């Protein structure tokens, strides 16, 4: 955290008792946490032109890139508007009121245009991005829930055994939660994969004894039909065994919906969905505004074939 330093010298320049000179003895320090409000400022950029003294040649300094071509919003201001809307659920009309109290008239329509105008967002999620096609990762929480619902109503030993085996997978996840991706991957490869192989064989064996139309048979079939996707997390230390984190993040969409109700158009909805995904990922890493400020600064001139390097999990903001 940034700290301001202030040193207060005694008002007396000499001893108040005898008038002699005084020397340093010690110091007493105390800290106070203060809030500094967002400060808006205008950055005026002057591009110098020069003319040759012998011919008609004129040269001019190149214009710096901007997040929005010919737009007046800097990366920090855009990051604040986006974070306020998609992370703090603050409607644009309320943001205009806040800026007005700071002495700047920014209309709701202008802020809306800013949210939609930055073309760089789309490059982060382009179908032509590095990394190829997407890989499906299924959710163990959904697969488990179907079996759990059957167990609650029937109390069968087979359903109980299935829940026990799935629980063993989550016991491993509890032990490795918070570890680096490489360590999580190693643990899953050595501990979870054998359990999954055993669980698969057991599900196939038990499914053969169950009616395909029974609730437990359908629950087992659901898991087996998605088996490769359910096992994907064991081959990727960054992946999770279920979708619970993403589903919790979707609660933010409901909070925002209550506040600003509409997106205004299909295009606005698509852009909103993109930003919810991007900012939601940043929020999980505690860097929503810092990340947006960074990419809004560098993305306009970033090489198209290296855009994947700007995704949240690839950006190090330690020294930003």
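Numbering (full-length UniProt numbering), first residue to last: 1 to 320.
Positions of the beta carbon are idealized from the N, C-alpha and C atoms, including for glycine.
Remember, predicted model here, so these are calculated numbers, not experimental data.
What's the C-alpha gap between residue i and residue j?
i	j	result
residue 68	residue 78	10 Å
residue 313	residue 158	41 Å
residue 265	residue 241	35 Å
residue 106	residue 279	23 Å
residue 85	residue 57	48 Å
residue 249	residue 223	24 Å
residue 173	residue 188	8 Å
residue 175	residue 305	38 Å
residue 62	residue 301	13 Å
residue 83	residue 289	6 Å
residue 100	residue 108	11 Å
residue 125	residue 297	Legend: pLDDT at residue 125 = 48, less than 50; position of this residue unreliable, value from coordinates given subsequently. Residue 125 and residue 297: Cα-Cα distance of roughly 18 Å.
residue 192	residue 7	58 Å
residue 17	residue 44	56 Å
residue 321	residue 247	This structure does not reach residue 321, given that the chain is present from 1 up to 320, and the question cannot be answered.
residue 321	residue 251	Since the first and last residues shown for the chain are 1 and 320, residue 321 lies out of range.
Quick check on residue i: buried or exposed, where buried means 16 or more other Cβ atoms within 10 Å of its Cβ?
i	result
residue 53	exposed
residue 203	buried
residue 318	exposed
residue 33	exposed
residue 238	exposed
residue 87	buried
residue 119	For residue 119, the predicted model reports a pLDDT of 49, less than 50, meaning its position is unreliable and no value from the coordinates is stated.
residue 282	buried
residue 80	buried
residue 307	buried
residue 185	buried
residue 3	exposed
residue 269	exposed
residue 179	exposed
residue 47	exposed
Taking residue i as the reference, which of the options has the closest Cα?
i	options	result
residue 13	5, 135, 23 and 299	23
residue 26	9, 41 and 212	9
residue 42	285, 73, 111 and 66	73
residue 59	283, 49 and 315	49
residue 75	91, 40, 95 and 96	40
residue 275	115, 213 and 3	115
residue 162	311, 99, 196 and 272	196
residue 92	103, 100 and 112	112
residue 181	286, 6, 234 and 71	234
residue 5	20, 29 and 21	29
residue 245	236, 284 and 226	284
residue 225	179, 277 and 207	207
residue 214	146, 296, 18 and 55	146
residue 136	179, 236 and 311	236
residue 144	98, 243, 294 and 277	243
Would you list, in sequence order, the uninterrupted beta strand (DSSP E) runs of no fewer than 3 residues that lie entirely inside the region 197-281?
none
Any beta strand (DSSP E) of 3 or more consecutive residues that is wholly inside the UniProt domain "Transposase IS66 zinc-finger binding" (12-56)
49-51
Determine, using beta-carbon pairs with one atom in the region 139-148 and one in the region 212-232, whether at least three such pairs fall under 8 Å.
yes
Give a yes or no on contact between the region 207-222 and the region 150-170, applying the rule of three or more CB pairs nearer than 8 Å.
yes
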